[in-house]
Every structure is written in C-alpha cells, then in structure tokens.
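Visitor: Listed in order, the protein sequences are those of chains A and B. The working numbering applies: residue 326 is where the first sequence begins, and numbers increase by one. The working numbering applies: residue 13 is where the second sequence begins, and numbers increase by one. No residue lacks a Cβ here, since even glycine has one placed at the ideal position from N, Cα and C. Quantities reported herein were computed from a predicted structural model and do not represent experimental measurements.
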Amino acid sequence: MSISEPERWLEEHGSALYSFAFLHVRDGHRAEDLVQETLLAALKARERFQGNASLRTWLTGILKHKIMDEFRRQSREAPTPDSPEDAWDAAEARRAAENFTDSGRWSQPLTNWGDSEQNFSRDQFWSLIEQCLAALSPRMARLFVLRELWEMETEEVCKEMAITPTNLWTTLHRARLGMRQCLEKNLCA
Amino acid sequence: MLNCKDASRLISEGQDRKLSQREKIGLRLHLWMCDSCRLFEKQVAHLRQALRRGWSGGDLPTDKQLSEEAQERIRKVLKEHSNDDSNSST
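(1) By alpha-carbon positions, which one of A:356, A:338 and A:361 ends up nearest to residue 379 of chain A?
(2) Going by DSSP in three states, residue 475 of chain A sits in which element: helix, strand or coil?
(3) Compare the C-alpha of residue 21 of chain B against each of A:424, A:330 and A:352 and name the closest.
(4) Quick one: using the 10 Å Cβ neighbour count with 16 as the cut-off for buried, is residue 495 of chain A buried or exposed?
(5) Taking 8 Å as the CB-CB cut-off, is residue 67 of chain B touching chain A?
(6) Please classify residue 373 of chain A: is it buried, with 16 or more other beta-carbons within 10 angstroms of its beta-carbon, or exposed?
(7) What did DSSP end up calling residue 334 of chain A once you bin it into helix, strand or coil?
(8) Would residue 364 of chain A pass as a contact of residue 331 of chain A if the rule is Cβ separation under 8 Å?
(9) How should residue 427 of chain A be labelled, buried or exposed, when 16 other C-beta atoms within 10 angstroms of its C-beta is the threshold for buried?
(10) On the criterion of 16 or more Cβ atoms from any shown chain inside 10 Å, does residue 349 of chain A qualify as buried, or is it exposed?
(11) So residue 461 of chain A and residue 500 of chain A are supposed to be a Cβ contact under 8 Å. How far apart are they, rounded?
(12) Take residue 490 of chain A and list the residues in its own chain whose beta-carbon comes closer than 7 Å to its own, dropping the five residues that flank it on each side.
(13) Could you have a look at residue 431 of chain A and say whether DSSP puts it in helix, strand or coil?
(14) Among A:474, A:335, A:362 and A:498, which has the Cα closest to the Cα of residue 418 of chain A?
(15) Give me the subset of the segment 430-445 of chain A whose CB atoms are less than 8 Å from a CB atom of chain D, sorted by chain position.
(16) Is it the case that the Cβ atoms of residue 74 of chain B and residue 341 of chain A are separated by a distance below 8 Å?
(17) For residue 504 of chain A and chain B, any beta-carbon pair shorter than 8 Å?
(18) Run through DSSP, which three-state label would residue 68 of chain B get?
(19) Helix, strand or coil, according to DSSP, for residue 374 of chain A in the structure here?
(20) Check whether the Cβ of residue 375 of chain A lies closer than 8 Å to any Cβ atom in chain B.
(21) Between the Cα of residue 78 of chain B and those of A:469, A:447, A:506 and A:360, spot the shortest distance and give me the residue it belongs to.
(22) Check the C-beta distance from residue 16 of chain B over to residue 431 of chain A and give it rounded, since I have them as a contact under 8 Å.
(23) Does the count of Cβ pairs from the segment 56-67 of chain B and the segment 28-46 of chain B closer than 8 Å reach three?
(24) Candidates A:463, A:400, A:375 and A:441: which alpha carbon is nearest residue 510 of chain A's?
(25) Alpha carbon to alpha carbon, what distance is there between residue 24 of chain B and residue 469 of chain A?
(26) Distance check for residue 14 of chain B and residue 44 of chain B, CA to CA, integer angstroms please.
(27) Compare the C-beta of residue 462 of chain A against all C-beta atoms of chain B and say whether one is closer than 8 Å.
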C-alpha cells in the first residue's frame with residue numbers, strides 16, 4: 326500500500342463522510358472527530374476491504390458503527406440537572422399537543438405536498454431534513470433517524486437504545502408530527 | 013369515535029407495529045370522513061419513502077465540506093498511524 330492511500334480516502338470521501346456524520350450528531354467538531362476515527366479504523370482494517378463494495382459504502386459502514394456507539398452512549402448518559410429527561414419529555418409532549426385543538430382536531434389545515442420535492446436537489450433536500458431534525462429534541466431525532474433512515478426494526482431500536490416499545494411509538498409519533506410540520510412549512514413556502 | 017389526535021397516533025404507530033383489528037376499523041372509519049388525517053397518512057408515508065430513497069437521487073448527503081484545517085489535522089494523524097504500522101510490521 327502506498328502511504329498516500331488513506332490520504333486519498335480523505336480527499337475523495339472526507340466531505341461526504343463529514344456530511345453524513347453531521348446529519349447525525351449535529352455538531353461540527355464531533356462530526357470531524359468521527360471522520361478521523363472512521364479513517365483510522367479503515368486504515369487498520371484495510372486488508373479486510375473487499376474490492377466488490379464501493380470504497381464510499383465501506384467507509385460509510387464503518388462510520389455508521391461509530392455513530393451507533395455515539396447514540397448508545399448518549400442514550401445512556403444521565404440527564405443533566407439543567408436538562409432533565411422529564412423536562413424534555415414535557416416540552417416534547419407540549420409541542421406535539423400544539424398540533425391539535427382541545428377537542429382533538431388539527432389546529433392547522435394540512436396541505437397536499439404532491440410532487441413538490443421534485444423541485445429540490447439532493448443537497449437541498451438533505452439540508453432541509455437536517456434543519457427539521459435540528460428542531461426535534463436530540464433524543465427524538467436519534468430515534469427517528471434509526472427508524473426512518475437506517476430502517477432498523479422497532480425491536481432493535483428498543484434494544485439498542487434501552488427503551489420500551491410504547492416509549493418508542495410515542496416518540497416517533499411526536500417526531501413525525503414535528504418533521505411533517507417543518508417540511509410543510511418549507512415545501513409549500 | 014376517534015378524534016384526529018388519536019387517529020394520527022394510530023397512523024404513526026401503524027408504521028411501527030401491527031395495529032389490532034379494532035384499531036384498524038376505528039382508523040378506517042375516521043379516515044373515511046376526515047380529509048386532514050388522510051393527508052397526514054399520505055405525508056407520513058411520503059416522508060418515509062423520500063428518506064429511504066434519499067429523495068430523488070437515491071444517495072447520501074454531500075452538502076457539507078470538511079474544512080481545510082480539519083483535513084490537515086486528519087491527514088497528519090493518518091500519516092502518523094501509517095508510519096506506526098510499517099514500523100511495527102518490520
């Protein structure tokens with residue numbers, strides 16, 4: 326192997342890995358660290374790379390493992406005094422409830438999105454998703470991403486994140502209400 | 013009779029678990045009468061589809077650039093480790 330090979334990975338795939346990491350951890354420094362950890366792990370395991378997968382896919386796979394570790398750590402972290410878990414929960418519940426009137430009807434009319442996403446480029450789409458995810462609580466965003474982006478089964482998400490199915494369903498319902506509202510605002514602007 | 017709040021919960025949970033017969037019938041009755049919840053059902057499915065397909069391109073995000081400083085820092089670390097590697101193997 327030439328010494329410059331990992332450097333070429335960095336040049337060719339660094340920004341894509343960074344974009345992917347940023348979407349998940351929403352912190353530039355943390356995302357940079359994850360790219361570094363990913364490339365180091367790839368360097369160590371480079372003989373295990375099978376040429377039949379694309380290099381980008383292989384590197385992204387390593388990065389996903391790192392992100393999963395990060396998510397597990399975050400979900401285990403004790404809530405801090407200034408952001409206790411039940412305060413988050415109360416805020417999440419309140420925001421979800423704002424979608425409905427006291428009698429349980431939608432408080433705002435919903436619109437038909439049609440094919441409005443056709444007007445978006447790939448990068449515009451992802452930055453919109455990122456913006457909408459950022460408006461969710463970190464915990465909601467994590468669970469939403471694992472379920473909707475990573476296509477993990479609900480049982481698996483519950484196991485990995487150490488939560489009950491009921492808790493997951495409630496959180497995903499709130500997350501979908503939040504994402505829907507945010508997308509509608511931007512798609513139909 | 014379900015209200016929209018309950019119906020939206022069932023629509024969402026239907027993406028994550030199997031609804032009971034009773035829930036399904038209640039939801040269907042509500043959807044039959046409620047345009048808004050039918051739209052919500054569509055939007056939820058639409059969102060899932062779009063995310064899973066990476067919207068139209070079927071690809072991962074590339075909207076961010078790794079800064080020059082970060083690249084430089086990572087390049088250095090990679091170089092150090094490449095050297096470690098060759099030293100340890102000889």
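Guide: So, from the data block:
(1) Residue numbering aside, residue 379 of chain A sits at position 54 when the first sequence is read from its first letter. When only C-alpha atoms are compared, the closest one is A:338.
(2) Here residue 475 of chain A is taken as the residue at index 150 of the first sequence, counted from 1. Coil.
(3) Indexing the second sequence from 1 puts residue 21 of chain B at position 9. The candidate whose alpha carbon is nearest that of residue 21 of chain B is A:424.
(4) Counting from 1 along the first sequence, the entry for residue 495 of chain A is found at position 170. Answer is buried; the Cβ neighbour count reaches 16.
(5) Locating residue 67 of chain B in the second sequence gives position 55, counting from the first residue. For residue 67 of chain B, the predicted structure reports a pLDDT of 49, less than 50, and the residue's modelled location is therefore unreliable. A value from the coordinates is still provided. Yes, contact with chain A.
(6) The residue given as residue 373 of chain A occupies position 48 in the first sequence. Exposed: under 16 other Cβ atoms inside 10 Å.
(7) For the purposes of this step, residue 334 of chain A is identified with residue 9 of the first sequence, where counting begins at 1. Residue 334 of chain A falls in the helix class under three-state DSSP.
(8) Here residue 364 of chain A refers to the residue found at position 39 of the first sequence. Here residue 331 of chain A refers to the residue found at position 6 of the first sequence. In contact: residue 364 of chain A and residue 331 of chain A (Cβ atoms closer than 8 Å).
(9) Locating residue 427 of chain A in the first sequence gives position 102, counting from the first residue. With fewer than 16 Cβ atoms within 10 Å of its Cβ, residue 427 of chain A is classed as exposed.
(10) Within the first sequence, residue 349 of chain A is the residue found at index 24, counting from 1. By the neighbour-count rule (16 or more Cβ atoms within 10 Å), residue 349 of chain A is buried.
(11) For the purposes of this step, residue 461 of chain A is taken as the residue at position 136 of the first sequence. For the purposes of this step, residue 500 of chain A is taken as the residue at position 175 of the first sequence. Yes, residue 461 of chain A and residue 500 of chain A are in contact; Cβ-Cβ is about 6 Å, under 8 Å.
(12) Residue 490 of chain A sits at position 165 when you count from the first residue of the first sequence. Closer than 7 Å at the Cβ level, and outside the excluded window around residue 490 of chain A, lie 479 and 483.
(13) For the purposes of this step, residue 431 of chain A is identified with residue 106 of the first sequence, where counting begins at 1. Residue 431 of chain A sits in a strand when the DSSP states are folded into three classes.
(14) Here residue 418 of chain A is taken as the residue at index 93 of the first sequence, counted from 1. Nearest of A:474, A:335, A:362 and A:498 to residue 418 of chain A, Cα basis: A:498.
(15) Absence of chain D from the displayed structure is noted, the protein chains being A and B.
(16) For the purposes of this step, residue 74 of chain B is taken as residue 62 along the second sequence, with counting starting at 1. For the purposes of this step, residue 341 of chain A is taken as residue 16 along the first sequence, with counting starting at 1. A contact, by the Cβ cut-off of 8 Å.
(17) Taking the first residue of the first sequence as position 1, residue 504 of chain A is located at position 179. For residue 504 of chain A, the answer is yes, since a Cβ of chain B falls inside 8 Å of its Cβ.
(18) In the second sequence, the residue the question calls residue 68 of chain B occupies position 56. Here the model assigns residue 68 of chain B a pLDDT of 44, short of 50, so the residue's position is not dependable, and the following value carries that caveat. Three-state DSSP puts residue 68 of chain B in a helix.
(19) By 1-based counting over the first sequence, the position of residue 374 of chain A is 49. In the structure shown, residue 374 of chain A sits in coil (DSSP, three-state: anything other than H, G, I, E or B).
(20) If you number the first sequence from 1, residue 375 of chain A lands on position 50. With 8 Å as the cut-off, residue 375 of chain A does not count as an interface residue toward chain B.
(21) For the purposes of this step, residue 78 of chain B is taken as residue 66 along the second sequence, with counting starting at 1. With distances taken between Cα atoms, residue 78 of chain B lies closest to A:360.
(22) Numbered from 1 along the second sequence, position 4 holds the residue referred to as residue 16 of chain B. Numbered from 1 along the first sequence, position 106 holds the residue referred to as residue 431 of chain A. The Cβ separation is near 5 Å, so the contact holds.
(23) Because the criterion of three Cβ pairs below 8 Å is not met, the segment 56-67 of chain B and the segment 28-46 of chain B do not touch.
(24) Against the first sequence, residue 510 of chain A aligns to sequence position 185. Considering only alpha carbons, the answer is A:441.
(25) In the first sequence, counting from the first residue as 1, residue 469 of chain A sits at position 144. In the second sequence, counting from the first residue as 1, residue 24 of chain B sits at position 12. The C-alpha of residue 469 of chain A lies about 12 Å from the C-alpha of residue 24 of chain B.
(26) Within the second sequence, residue 44 of chain B is the residue found at index 32, counting from 1. Within the second sequence, residue 14 of chain B is the residue found at index 2, counting from 1. Distance between the alpha carbons of residue 44 of chain B and residue 14 of chain B is about 12 Å.
(27) Looking up residue 462 of chain A in the first sequence gives position 137. False, the Cβ-Cβ gap to chain B never drops below 8 Å.
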